[in-house]
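Notes follow once the structure below has been shown.
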Amino acid sequence: MKFALNSKSTKHMDDITVNEIKIPALVLMERAALQTVERIKERIDKSSRILAVCGPGNNGGDGIAAGRILYLQGYHVAILLLFDEEKATEQTKVQIEIAKNLGITFENSNKLHEYNIIIDAILGVGLSRPVTGIYENIIQEINQTKNLVFSVDIPSGISADTGAVLNMAVRADETITFGVQKLGLLLYPGAEYAGRITVADIGFPEAAIQQTEPDAFYYEAEDLAKLPIRCNYSHKGTYGKVLVIAGSKGVSGAAFLSAKAAYRMGAGLVKVLTCADNREIIQTLLPEALFEAYDRNDMQKSEQNREILKALRWASVIVIGPGLGQSEKANELLSIVINEAQVPVIIDADGLNILARWLDKQSNDLEKRLELVNDLLADGTILTPHLRELSRILGEEVSFITDNIIDTAGRCSYNSKLIHVIKDARTVVAHKNKKYINISGNNGMATGGSGDVLTGMIAAMIAQGMPSFEAACLAVYIHGLAGDEACKEKGPYSLMADDIVEAINKVLKN
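Start counting the sequence shown at 1; every next residue gets the next number (full-length UniProt numbering).
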């Protein structure tokens, strides 16, 4: 597990290191420069012509120091300052003086065309307003060159809080960020602008890191060790029972994908509760699954409801919504689950759309809608909306959510007992003050049924005993890894949801 910080938290960690622990800012700057140089040297040779383009903040000081180290190692280096020297920070003024004393060339005009390597040290993680003027112009020119670009800490013009482009931003080939990952490098479009990302250790002490509350966390390969342990002395009941309430007349794919994914993820038993018309296709495509119809003609409604309640009592975890439609029967099924379920519930797809319609009848106010959802649903209920579905629940525009996905996740989960899995290119899982950002996956997974697969995977993890929040985070990560495995074989254009299901075993086996 790795942590990520926003700009405020990054500054807090820096302030503790410099002002309380008393590690001088220039020491951190020198270490940052050394780490930057090591990454640059891996991709250049002595024939390279390097230009460090620097702003007045400490980010610019990092760039000047990196240029100086490369110069002393025999590389052709020049520095371009985009500011009057008296406006520089104290540390950056020191770096300018050192560079001048060593005779490093300072360009007094833009000569990007004379260089093939750019060190972008213009604007750092503290940027909060749109890039304009000379900074906008130079960034635009950097992007128009074919130079290899290394960004220091963050590509200039990217918000460290949201990943947004603040009017204009550098498109880097590689970004060397310091100490801890930044939110803006995990989220799009910042993740795309950053190129390859290296999180470099520059000596922030553990005491400073421990005193800084992380704004989010993400998983890497070693976190697969969090998977539930399977033991030799076990049986199918040991690994839980997943009830998938999904599908409607003529719509069986979502139920099939969720159920199959649950099995592939290790669930012991899976039962599909769907319309009677789907019996043949479900039992043909997935004979391992148990089958139950929610609209049997040979039963009175009261008797049918008793069977549905029996299915709820059977389950270790319940999925409701994929392909369910928004009929009167679908509304009734969601009501029964919400009122009667005694195990964790995952609400997806049409379940969320029905929920949004209920909210529309009661309030248009965002905070009131969040309060209503929190009151309606049981502790630990998981909601798995994509951005359009979340837009309907919150009554907010999709563009607003996209631009503020971390803040939106925070508002959804603040003082809430619910877990939100907000599906996007960077899926965010939020619960109370915890936020997980997923970094696995690829654009080939933007295909119908991918979300149904994820829902089944989350359910299987819960069925095997994982707490709901941890299950959601790990399932999202493995879902992305499975998509990456499938993409290796199928490519992003041809990738289908069932390919993701079939690749789950490759991830878990490895």
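Each residue gets a CB set at the ideal place from its N, CA and C atoms; glycine is no exception.
All figures in this text were calculated on a predicted structure; none of them were measured in a lab.
Exercise. Could you give the distance in angstroms between the alpha-carbon of residue 488 and the alpha-carbon of residue 481?
Worked result: Within the sequence shown, the letter at position 488 stands for residue 488. Within the sequence shown, the letter at position 481 stands for residue 481. So the alpha carbons of these two residues sit roughly 11 Å apart.
For this session: Let me know the alpha helix (DSSP H) ranges lying completely inside the segment 159 to 214, each 4 residues or longer, listed in chain order.
Result: 183 to 186, 190 to 194, 206 to 210
Exercise. Considering residue 307, what are the terminal residues of the alpha helix (DSSP H) in which it resides?
Worked result: By 1-based counting over the sequence shown, the position of residue 307 is 307. Residue 307: member of the alpha helix (DSSP H) spanning 301 to 314, first to last residue.
Exercise. Can you name, in chain order, every residue of its own chain whose Cβ lies under 7 Å from the Cβ of residue 440, other than the five neighbours on each side?
Worked result: By one-based count along the sequence shown, residue 440 stands at place 440. Excluding sequence neighbours, residue 440 sits near 477, 480, 481, 484.
Exercise. So what does residue 419 bridge to, in DSSP terms?
Worked result: Residue 419 sits at position 419 when you count from the first residue of the sequence shown. The bridge partners DSSP lists for residue 419 are 382.
For this session: Starting from the C-beta of residue 423, find all residues in its chain whose C-beta is less than 8 Å away, skip the five residues before and the five after it, and write them out in chain order.
Result: Here residue 423 is taken as the residue at index 423 of the sequence shown, counted from 1. Cβ within range, chain order: 384, 385, 386, 387, 451, 454.
Problem set entry | Per DSSP, cross-strand counterpart(s) of residue 49 | Counting from one through the sequence shown, the residue named residue 49 turns up at place 49. According to DSSP, residue 49 bridges with 76.
Exercise. Could you check where the beta strand (DSSP E) with residue 274 kicks off and where it finishes?
Worked result: Taking the first residue of the sequence shown as 1, we reach residue 274 at position 274. Residue 274 -> beta strand (DSSP E) spans 269 to 274.
Problem set entry | First and last residue of the uninterrupted beta strand (DSSP E) at residue 479 | In the sequence shown, counting from the first residue as 1, residue 479 sits at position 479. Taken as a continuous stretch (DSSP letters only), residue 479 belongs to no beta strand (DSSP E), being part of the alpha helix (DSSP H) at 468 to 494.
Exercise. How far does the beta strand (DSSP E) with residue 397 in it reach, from first residue to last?
Worked result: Numbered from its first residue, the sequence shown carries residue 397 at position 397. Counting along the chain, residue 397 falls outside any beta strand (DSSP E), and DSSP gives it neither H nor E.
Problem set entry | Endpoints, alpha helix (DSSP H) assigned at residue 30 | As a working mapping, residue 30 is identified with position 30 in the sequence shown. Its alpha helix (DSSP H) spans residues 25 to 41.
Exercise. How about residue 244 and residue 272: do their beta carbons lie closer than 7 Å?
Worked result: Within the sequence shown, numbered from 1, the residue matching residue 244 stands at position 244. Within the sequence shown, numbered from 1, the residue matching residue 272 stands at position 272. Yes, the Cβ-Cβ distance between residue 244 and residue 272 is below 7 Å.
For this session: State the DSSP-derived secondary structure class of residue 363, mapped to helix, strand or coil.
Result: For the purposes of this step, residue 363 is identified with residue 363 of the sequence shown, where counting begins at 1. If DSSP states are grouped into helix, strand and coil, residue 363 belongs with coil.
Exercise. Rounded to the nearest angstrom, how far is the Cβ of residue 319 from that of residue 459, given a contact under 8 Å?
Worked result: Residue numbering aside, residue 319 sits at position 319 when the sequence shown is read from its first letter. Residue numbering aside, residue 459 sits at position 459 when the sequence shown is read from its first letter. Indeed they touch by this definition, with Cβ atoms about 5 Å apart.
Problem set entry | For residue 111, the three-state DSSP class (helix, strand or coil) | Walking along the sequence shown from the start, residue 111 turns up at place 111. Coil, per DSSP.
For this session: Say whether the segment 462 to 472 touches the segment 305 to 319, bearing in mind that this needs 3 or more beta-carbon pairs closer than 8 Å, one atom from each stretch.
Result: yes
Problem set entry | Beta-carbon gap between residue 258 and residue 322 smaller than 7 Å | In the sequence shown, the residue the question calls residue 258 occupies position 258. In the sequence shown, the residue the question calls residue 322 occupies position 322. Their beta carbons are under 7 Å apart, which means residue 258 touches residue 322 by this criterion.
For this session: Could you check which residue in 82, 442, 50, 287 has the C-alpha nearest to that of residue 138?
Result: Translated into positions along the sequence shown, residue 138 becomes position 138. That would be 82, whose Cα lies nearest to the Cα of residue 138.
Problem set entry | Cα-Cα separation between residue 19 and residue 472, rounded to whole angstroms | Walking along the sequence shown from the start, residue 19 turns up at place 19. Walking along the sequence shown from the start, residue 472 turns up at place 472. Cα to Cα, the separation comes out at about 39 Å.
Exercise. Between which two residues does the beta strand (DSSP E) harbouring residue 346 extend?
Worked result: What you label residue 346 is simply residue 346 of the sequence shown in a count that begins at 1. Segment 345 to 347, the beta strand (DSSP E) holding residue 346.
For this session: Whole angstroms is fine: what's the gap from residue 61's alpha carbon to residue 169's?
Result: The residue labelled residue 61 in the question sits at position 61 within the sequence shown. The residue labelled residue 169 in the question sits at position 169 within the sequence shown. Distance between the alpha carbons of residue 61 and residue 169: 19 Å.
Exercise. Within this structure, are the beta carbons of residue 448 and residue 492 separated by less than 7 Å?
Worked result: Your numbering for residue 448 matches position 448 in the sequence shown. Your numbering for residue 492 matches position 492 in the sequence shown. In this structure, residue 492 does not lie closer than 7 Å to residue 448 by Cβ.
Exercise. Just reading off the alpha helix (DSSP H) that residue 263 is part of, what are its end residues?
Worked result: Here the question's residue 263 lines up with position 263 in the sequence shown. That run of the alpha helix (DSSP H) goes 253 to 264.
For this session: Please state if the CB of residue 153 and the CB of residue 59 are separated by a distance shorter than 7 Å.
Result: Locating residue 59 in the sequence shown gives position 59, counting from the first residue. Locating residue 153 in the sequence shown gives position 153, counting from the first residue. Yes.
Exercise. Excluding five sequence neighbours on each side, which residues of the same chain lie with their C-beta closer than 8 Å to the C-beta of residue 539?
Worked result: Outside the displayed range of the chain (1 to 510) lies residue 539, so it cannot be described from this structure.
Problem set entry | Spatial distance of residue 13 from residue 150 (CA atoms) | The residue given as residue 13 occupies position 13 in the sequence shown. The residue given as residue 150 occupies position 150 in the sequence shown. The alpha-carbon atoms of residue 13 and residue 150 are separated by roughly 24 Å.
For this session: Helix, strand or coil for residue 248, going by three-state DSSP, please let me know.
Result: Indexing the sequence shown from 1 puts residue 248 at position 248. The answer is strand: DSSP assigns residue 248 an E or B state.
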